[in-house]
Amino acid sequence: MTKQHERRRFSTYALPTLENQIKVQMDELGNKSSRLLALAVERMEITNVMEYEAIAKEKLPKMFYDYYASGAEDEWTLQENREAFSRILFRPRILIDVSKIDMAATVLGFKISMPIMIAPTAMQKMAHPDGEYATARAASAAGTIMVYKDRNVVEQLVRRAEKAGFKAIALTVDTPRLGRREADIKNRFTLPPFLTLKNFEGLNLGKMDKTDDSGLASYVAGQIDRSLSWKDVLWLQSITSLPILVKGVLTAEDASLAIQNGAAGIIVSNHGARQLDYVPATITALEEVVKSAQGRVPVFLDGGVRRGTDVFKALALGASGVFIGRPVVFSLAAEGEVGVRKVLQMLRDEFELTMALSGCVSLKDITRNHIITPSDRKYMSSRL
Ligand SMILES: Cc1cc2nc3c(=O)[nH]c(=O)nc-3n(C[C@H](O)[C@H](O)[C@H](O)COP(=O)(O)O)c2cc1C
1 MTKQHERRRF
11 STYALPTLEN
21 QIKVQMDELG
31 NKSSRLLALA
41 VERMEITNVM
51 EYEAIAKEKL
61 PKMFYDYYAS
71 GAEDEWTLQE
81 NREAFSRILF
91 RPRILIDVSK
101 IDMAATVLGF
111 KISMPIMIAP
121 TAMQKMAHPD
131 GEYATARAAS
141 AAGTIMVYKD
151 RNVVEQLVRR
161 AEKAGFKAIA
171 LTVDTPRLGR
181 READIKNRFT
191 LPPFLTLKNF
201 EGLNLGKMDK
211 TDDSGLASYV
221 AGQIDRSLSW
231 KDVLWLQSIT
241 SLPILVKGVL
251 TAEDASLAIQ
261 NGAAGIIVSN
271 HGARQLDYVP
281 ATITALEEVV
291 KSAQGRVPVF
301 LDGGVRRGTD
311 VFKALALGAS
321 GVFIGRPVVF
331 SLAAEGEVGV
341 RKVLQMLRDE
351 FELTMALSGC
361 VSLKDITRNH
371 IITPSDRKYM
381 SSRL
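Quick note: the sequence shown uses the UniProt record's numbering, first residue 1, plus one each step.
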């Protein structure tokens, strides 16, 4: 073999550098630990929806986990979204035949098997390679859009949604600016290179800025129309016949404006406590919205729903159904589609049991008298 040949052979079998060796070992370790984690998840009996969060935290890179988990600023509302549920107690009825329980619900004319649906959460591919596909397979997903400055872009998105067979549009109205999620700012959250905003491909929306603070905040700030108003809700109706759900209502005043402006439904939501901190928990705001809607349109709720008992409480306060956000991304991260299925099944089972133990055999049996809220307790003690 000539010297030249030898050199060439050598160059194709370059000696591993220390850096490469470390990388190989880290990759092996990574594979091993994710295999171990998968094994642990398989063996561990997951008994409630909340347990998926710890698994997701273990499994995901910190920046991704933080993006999913965090709320705005002090995260007071984030905590309150859960705690407010725990202050509502039951007034169960007894000796009612609960051998058959029907959880079927009708949402905007469509029959679904239970009043539990999946909220729109962005960027699910950071949780699992199958991302939104897996979630959509695990449940029939509802579509969402945000209104961008360029109405032409919105129109194209609406056409796509119509073509794809979406049955409704959830118009998110609580995001004229992105809330301050300090974890994202600290992590300098940016879109990972393997992830694109597929919906916007070909629409020339520009790339996410990778500069100083939260990359997502910069991106959304550049694209979202801060001047969005009720006029735009009317405009949206002029370009589509799909029913429009206004997502992000927290007050009686806005509930009646939403109805006046043609909303087919209202979602009481604080964006999973990711926007304005110190707004009330959604379960606390629900009743005033329901009262204001006066049965003219259905009212839904999302935010902190983690138990079948939470679903029951929301329905007792007048919701027609609930949506879940984080439990989906966390279970997706832990176990992909199987995880999301399990989450829906666990909530279904818990909700069914709550109905049975409260003496309700169908959704219409669930009434305001089945629960007692802090304001009821105040009212009762003021009369003593
Ligand atoms: C990671 C993440 C991304 C979200 N992305 C969106 C979004 O793109 N559009 C939107 O309307 N709401 C979005 N939301 C809010 C959810 O639709 C929903 O309101 C909230 O997650 C419900 O609260 P929960 O997570 O406590 O169940 C997002 C929430 C999370 C956690």
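Glycine is no exception: its CB is placed at the ideal position from the N, C-alpha and C atoms.
Check                                                                                                        : Outcome
Selection from Thr367, Val343, Leu195 and Arg377 that minimises the alpha carbon distance to alanine 139     : Val343
As assigned by DSSP and simplified to three states, the class of threonine 106                               : strand
Inter-residue Cα distance where the pair is lysine 62 and valine 98                                          : 45 angstroms
Any non-hydrogen atom of ligand 1 within 6 angstroms of alanine 161 CB                                       : no
Reduced DSSP secondary structure (H/G/I, E/B, other) of threonine 172                                        : strand
CB contact flag (alanine 263, valine 246, <7 angstroms)                                                      : yes
Cα-Cα separation, glutamine 275 to leucine 95                                                                : 45 angstroms
Ligand 1 heavy atom lying under 6 angstroms from the CB of threonine 121                                     : yes
Member of Leu257, Lys364 and Asp66 whose CA lies at the smallest distance from the CA of serine 292          : Leu257
Stretch-stretch touch, CB-based, cutoff 8 angstroms, three pairs: the region 346-361 with the region 101-110 : yes
Same chain, Cβ closer than 7 angstroms to leucine 332, five either side skipped, listed in chain order       : Gln124, Ala127, His128, Ala134, Thr135, Gly339 and Val340
Spatially closest choice to leucine 347 from Arg368, Ala334, Phe323 and Cys360, by CA coordinates            : Phe323
Distance cut-off 6 angstroms: glycine 303 Cβ against heavy atoms of ligand 3                                 : Ligands present in the displayed structure are limited to ligand 1, and ligand 3 is not among them.
Boundaries (first-last residue) of the beta strand (DSSP E) holding glycine 248                              : 244-249
Inter-residue Cα distance where the pair is isoleucine 169 and leucine 242                                   : 7 angstroms
Near ligand 1: tyrosine 68 beta-carbon under 6 angstroms from a heavy atom                                   : yes
DSSP-derived helix/strand/coil call for serine 331                                                           : helix
Option nearest isoleucine 267 by Cα separation, candidates Arg226, Ile239, Arg181 and Ala314                 : Ala314
Assigned exposure category for threonine 190 - 16 Cβ within 10 Å defines buried                              : buried
Threonine 284 versus alanine 252: straight-line alpha-carbon distance, rounded                               : 12 angstroms
Alanine 105 vs proline 120 beta-carbon contact at 7 angstroms                                                : no
Candidates Val289, Cys360 and Gly109, of which the one nearest histidine 370 by Cα                           : Cys360
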